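Colleague: Sharing a structure with you now.
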Amino acid sequence: MEIISGIALSRTIKEEIKQEVSTFLAKGLRRPKLVAVLVGSDGPSQTYVNAKVKDCHQVGFESEAVRLDENTSEEVLLAWVEKLNADPSVDGFIVQLPLPKGIDESKVLLAIDPAKDVDGFHPVNIGNMALGLPGFVPATPAGVIQMLKRSGIDTSGKHCVIIGRSKIVGMPLSILLARNSNPGNCTVTLTHSRTKNLKEICKEADILIAALGKPGFIKADMIKAGAVIIDVGISRVETDTNEKGYIIQGDVDFDSVSEKVGFISPVPGGVGPMTRTSLLTNTLTAYKRSFNLK
Ligand code: GUN
Numbered sequence: 002m003e004i005i006s007g008i009a010l011s012r013t014i015k016e017e018i019k020q021e022v023s024t025f026l027a028k029g030l031r032r033p034k035l036v037a038v039l040v041g042s043d044g045p046s047q048t049y050v051n052a053k054v055k056d057c058h059q060v061g062f063e064s065e066a067v068r069l070d071e072n073t074s075e076e077v078l079l080a081w082v083e084k085l086n087a088d089p090s091v092d093g094f095i096v097q098l099p100l101p102k103g104i105d106e107s108k109v110l111l112a113i114d115p116a117k118d119v120d121g122f123h124p125v126n127i128g129n130m131a132l133g134l135p136g137f138v139p140a141t142p143a144g145v146i147q148m149l150k151r152s153g154i155d156t157s158g159k160h161c162v163i164i165g166r167s168k169i170v171g172m173p174l175s176i177l178l179a180r181n182s183n184p185g186n187c188t189v190t191l192t193h194s195r196t197k198n199l200k201e202i203c204k205e206a207d208i209l210i211a212a213l214g215k216p217g218f219i220k221a222d223m224i225k226a227g228a229v230i231i232d233v234g235i236s237r238v239e240t241d242t243n244e245k246g247y248i249i250q251g252d253v254d255f256d257s258v259s260e261k262v263g264f265i266s267p268v269p270g271g272v273g274p275m276t277r278t279s280l281l282t283n284t285l286t287a288y289k290r291s292f293n294l295k
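Read in order, the letters of the sequence shown are residues 2 to 295 in this note's numbering.
Below, the structure written as structure tokens:
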């Protein structure tokens with residue numbers, strides 16, 4: 002059994018990004034810049050945005066969080082999006098989800114300039130991804146692809162089963178892994194809440210990606226011996242064993258499956274750090290495109 006450490010891989014990728022930034026600074030260019038817009042005071046969203054800003058500083062990017070009141074109107078948020086679209090010092094920005102009730106999420110995401118949409122949520126970027134054209138791939142799927150690639154896992158001709166068809170994880174991953182590319186060339190089965198015989202399908206998987214948000218759902222009797230298991234779940238499970246009152250748990254029952262698998266990504270320390278790093282990679286890509294750099 003081999004652990005795919007998102008912490009170790011993301012450290013390597015961040016070092017690569019930092020090196021690239023220093024070569025651009027040496028040429029007299031400005032630093033890449035990412036802005037995160039946060040509306041309201043949702044606890045996990047505040048944690049994520051703070052982490053994204055910190056990650057940027059670690060690799061030499063400029064970064065800023067725009068914090069807006071819970072009662073911010075859709076109109077005011079759209080005005081911020083327009084301002085960031087027009088600001089030449091901003092390479093990429095994200096609007097942290099979920100948004101408070103009363104704001105139309107689709108309308109806001111559609112207003113973001115696709116060239117600055119480093120979350121890869123705009124339909125233009127989803128379309129580019131589906132067609133294999135340049136654009137931005139959403140951060141979690143991009144992170145999973147890097148985990149497979151940098152762990153040397155051969156995906157060609159393999160049966161990949163994905164559990165969960167969300168717009169930001171399962172759906173894009175099903176497209177990326179079926180593409181004629183490396184990693185890719187998988188035979189993909191995208192399963193969801195209406196899928197029948199899920200256990201039998203999972204047992205056929207050479208690569209199993211769990212993104213359903215049910216802690217400990219995948220047990221040893223659901224997997225094929227030697228399979229690659231990528232755990233995208235991050236649920237807060239209540240506990241009285243620490244001060245926070247919760248622990249982060251993945252969709253895979255790690256202890257039960259770990260002896261049977263070929264490769265496995267842990268939670269925490271697996272997909273999470275890779276997702277954060279992919280946002281940096283996308284921001285660097287946006288920066289390079291705007292300066293016509295390779
Ligand atoms: N909320 C949870 N994950 C994400 C993400 O990747 N991007 C944004 N914008 N909001 C999120």
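Don't be surprised by glycine CBs; every beta carbon is placed ideally from N, CA and C.
Note that the structure is predicted; figures quoted are calculated from it, not measured.
(1) Is the CB-CB distance between I14 and T284 below 8 Å?
(2) Around the C-beta of G234, are 16 or more other C-beta atoms found within 10 angstroms, so that it is buried, or is it exposed?
(3) Between G171 and the rest of its own chain, which residues show a CB-CB distance below 7 Å, the 5 nearest in sequence each way excluded?
(4) With burial defined as no fewer than 16 other Cβ atoms inside 10 Å of the residue's Cβ, what is the status of N181: buried or exposed?
(5) What residue from Q97, K159, P89 has the CA that sits closest to L78's CA?
(6) For Q20, count the other beta carbons within 10 Å of its own beta carbon; 16 or more makes it buried, fewer makes it exposed. Which is it?
(7) Inspect the beta-carbon positions of E83 and F264 and report whether they are closer than 8 Å.
(8) Return the chain-ordered ranges of every alpha helix (DSSP H) run that is complete within the region 122-151 and spans a minimum of 4 residues.
(9) Is there at least one non-hydrogen atom of the ligand GUN closer than 7 Å to the beta-carbon of Q20?
(10) Please go through the same chain and pick out, in chain order, the residues whose beta-carbon is closer than 8 Å to the beta-carbon of D254, but skip the five residues on each side of it.
(11) Answer yes or no: the CB of D43 versus the heavy atoms of the ligand GUN, is any distance below 7 Å?
(12) For I224 versus K204, is the C-beta spacing smaller than 8 Å?
(13) Take L121 as the anchor and find which of R68, G271, T282 has the nearest alpha-carbon.
(14) Taking 7 Å as the cut-off, is the CB of I104 close to at least one heavy atom of the ligand GUN?
Modeller: The short version:
(1) Their beta carbons are not under 8 Å apart, which means I14 does not touch T284 by this criterion.
(2) Counting Cβ neighbours within 10 Å, G234 comes out buried, since at least 16 surround it.
(3) For G171, where only same-chain residues beyond five positions count, the Cβ hits under 7 Å are I163, G165, L191, A212.
(4) Classification for N181: exposed.
(5) Sorting Q97, K159, P89 by C-alpha distance to the C-alpha of L78 places Q97 at the top.
(6) The residue in question, Q20, is exposed, as its Cβ has fewer than 16 Cβ neighbours within 10 Å.
(7) No. Outside cutoff.
(8) Runs of alpha helix (DSSP H) with 4 or more residues, each lying fully within the region 122-151, are found at 124-132, 140-151, listed in chain order.
(9) Not one heavy atom of the ligand GUN is found less than 7 Å from the C-beta of Q20.
(10) If the five residues before and after D254 are omitted, its C-beta is found closer than 8 Å to the C-beta atoms of G217, F218, I219, K220, A221, all from its own chain and listed in chain order.
(11) The beta carbon of D43 sits no closer than 7 Å to any heavy atom of the ligand GUN.
(12) Contact: yes.
(13) Checking the displayed sequence, the identity of residue 121 turns out to be Gly instead of Leu. Checked all of R68, G271, T282; the closest Cα to G121 is T282.
(14) Between the ligand GUN and the CB of I104, the shortest heavy atom gap is not smaller than 7 Å.
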